[in-house]
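Asks:
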Amino acid sequence: MQYVNKLSHKSNSSEIYEETMIETLKNLEQWLKLNYWVAFDSLQPGLTDTEIDALLKDWPFKLSSDVRALYRWRNGFEDDLIQLLPNLSFLPLESALELASGLWEASAEQEKKNGVDFFPRVLLPIFTDAKNDGVLLVQGFEAETPHSPAQVVLLLQGKRLYGFEKLEDLFKAALELFKTGVYTLDQDHDTVNLTDEDKARAVWRRFPLIYLENAEMSSLALEDEEEDLDDDDDDDDGENMLAGLLEMMGLNPEAMDPETATLEDMTEMLEVIPLEDWPEELQARYRELGG
């Protein structure tokens, strides 16, 4: 496997992180080739730095060295239904930017309305599920940076599932979870299943973990299972993100007119907002239509 390496004027730190990232990706590729051949075959050829720069020309941030190394290794999956992490498929860079662009624009409009910037331009989703709800986010920077934090979140629920200070650590943990059977493969459906969340958490906690706070991913380490992921600030962040996304998708129960609401619209909204949280008039309309 060849890796294009044309970065110039890089710091020693960036070179070291890039080298370790490449080694991690080689190990993952070898495991996929032996055990998950459908995913291996769907990996697209990597991009050159020139190609990466061309795709990023309109983004006001720089990718960290480890994310660039990822896309020089492989440019996502050809088939976006194949999973590399539980529920998540590896996006080509052009697809990641397309998805991000829609979220950035919607977030900017939402910020004009109520001051909530639920998806700032510094964030880039590089993995996603079939509904573009669960995403793996990396972060852009104003200057050259060795590594990016990486966190898996559920956008519609405003929940953060797990994250790492370094993207490389996420792949190291995933490879260990594959090898130990905590991640299992459904070869018939090309999916990855998480069999034991407690065992997964034990592996994740061997690496420095992070929080996601408003526009930036912080580098605060998690110490206890119960600690702070559900504190008041986190709840506010999740509610702001959820409110923005629901407004964007037309799934705000407060804004839905009971007289014109359709059963199809309300059924879709019920997937993310419990019926008891709707206005009483809208609840009555839902039941009236046979919901």
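Using this note's numbering, read the sequence shown as starting at 1190 and increasing by one per residue.
All residues carry an ideal CB built from backbone N, CA and C; glycine is no exception.
Keep in mind that this is a model prediction, so the values were computed, not measured.
1) Alpha carbon to alpha carbon, what distance is there between glutamine 1472 and isoleucine 1462?
2) Quick check on the DSSP output: the beta strand (DSSP E) that includes isoleucine 1271 runs from which residue to which?
3) Applying the 10 Å Cβ sphere with the 16-neighbour rule, what's the burial state of lysine 1355?
4) Assign alanine 1332 to one of three DSSP states: helix, strand, or coil.
5) Go ahead and label glutamine 1219 buried or exposed: buried means 16 or more other beta carbons lie within 10 angstroms of its beta carbon, across all protein chains shown.
6) How about leucine 1282 and tyrosine 1260: are their beta carbons less than 7 angstroms apart?
7) Can you give me the start and stop residues for the alpha helix (DSSP H) that valine 1341 sits inside?
8) Just mark glycine 1370 as buried or exposed, buried being the case when its beta carbon has 16 or more other beta carbons within 10 Å.
9) Using DSSP's beta-bridge definition, name the partner residues of tyrosine 1351.
10) Note down, in chain order, each residue of its chain lying with its Cβ closer than 7 angstroms to the Cβ of alanine 1178, except the 5 sequence neighbours on either side.
11) If you compare alpha carbons, which of Asn1264, Pro1249 and Lys1251 is closest to phenylalanine 1229?
12) Aspartate 1322 and leucine 1350: beta carbons closer than 7 angstroms?
13) Rounded to the nearest angstrom, what separates alanine 1410 and lysine 1348 at their Cα positions?
14) How big is the Cα-Cα spacing for glutamate 1443 and alanine 1450?
15) Since valine 1559 and phenylalanine 1250 should fall inside the 8 angstroms C-beta cutoff, what is the C-beta to C-beta distance between them, to a whole number of angstroms?
16) Suppose the cutoff is 7 angstroms on Cβ atoms and the five residues either side in sequence are ignored; what does the same chain contact list for arginine 1209 look like?
17) Considering only their Cβ atoms, is the gap separating tryptophan 1262 from glycine 1235 smaller than 7 angstroms?
18) Which one of Thr1373, Ala1391 and Leu1274 has the shortest CA to CA distance from threonine 1384?
19) Specify the secondary structure class of glycine 1323 as computed by DSSP and reduced to three states.
20) Can you grab the Cα-Cα spacing for the pair valine 1327 / tryptophan 1226, in whole Å?
21) Compute the Euclidean distance between the alpha carbons of asparagine 1216 and glutamate 1331, then round it to the nearest angstrom.
22) Does the separation of the CB atoms of leucine 1366 and alanine 1389 fall below 7 angstroms?
23) May I ask you to list the residues that DSSP assigns as paired with threonine 1380?
24) Using three-state DSSP, classify lysine 1368 as helix, strand or coil.
25) Determine whether the beta carbon atoms of serine 1253 and threonine 1380 lie at a separation below 7 angstroms.
26) What three-state label does DSSP hand threonine 1317 in the structure shown?
27) Please state whether DSSP places asparagine 1303 in a helix, a strand or coil.
28) If you count every other CB in all the chains shown that lies within 10 Å of the CB of proline 1275, and 16 or more means buried, which is it?
Replies: Quick look at the numbers:
1) Whole-angstrom Cα-Cα distance: 12 angstroms.
2) Careful: isoleucine 1271 lies outside any beta strand (DSSP E) and carries neither H nor E.
3) Under a 10 Å Cβ-count criterion, lysine 1355 is classified as buried, with 16 or more other Cβ atoms of the shown protein chains found around its own Cβ.
4) It is coil, neither helix nor strand.
5) Glutamine 1219 is exposed by the Cβ-count criterion.
6) For leucine 1282 and tyrosine 1260, yes; Cβs fall inside 7 angstroms.
7) Counting along the chain, valine 1341 falls outside any alpha helix (DSSP H), though it belongs to the beta strand (DSSP E) covering 1339-1343.
8) By the C-beta density criterion, glycine 1370 is exposed, having fewer than 16 other C-beta atoms within 10 angstroms.
9) Tyrosine 1351 is bridged to Val1341.
10) Residue 1178 lies beyond the range of the chain shown here (1190 to 1480); nothing can be said about it.
11) It is Asn1264 whose Cα lies nearest to the Cα of phenylalanine 1229.
12) Against a cut-off of 7 angstroms, the Cβ pair of leucine 1350 and aspartate 1322 comes out as no contact.
13) Since pLDDT at alanine 1410 reaches only 28, below the 50 mark, its modelled position is unreliable, and the value read off the structure follows with that caveat. The alpha-carbon of alanine 1410 is positioned some 18 angstroms away from that of lysine 1348.
14) Each residue's CA atom was taken as its position, placing glutamate 1443 and alanine 1450 some 12 angstroms apart.
15) For the chain, the structure presents residues 1190 to 1480; residue 1559 sits outside this window and is missing.
16) The identity of residue 1209 in the sequence shown is threonine, whereas the question assumes arginine. Contacts found: Glu1357.
17) A Cβ-Cβ contact shorter than 7 angstroms links glycine 1235 with tryptophan 1262.
18) When each option's Cα is compared against that of threonine 1384, the closest is Thr1373.
19) In the structure shown, glycine 1323 sits in a strand (DSSP, three-state: E or B).
20) Computed Cα separation, rounded: 26 angstroms.
21) Going from the Cα of asparagine 1216 to the Cα of glutamate 1331 covers about 31 angstroms.
22) Yes, these two residues count as a Cβ contact at 7 angstroms.
23) Threonine 1380 pairs with Asp1375.
24) Helix.
25) It is not a contact, given that the beta carbons lie outside the stated cut-off.
26) Three-state result, threonine 1317: strand.
27) Reduced to three states, the DSSP call for asparagine 1303 is helix.
28) With 16 or more Cβ atoms within 10 Å of its Cβ, proline 1275 is classed as buried.
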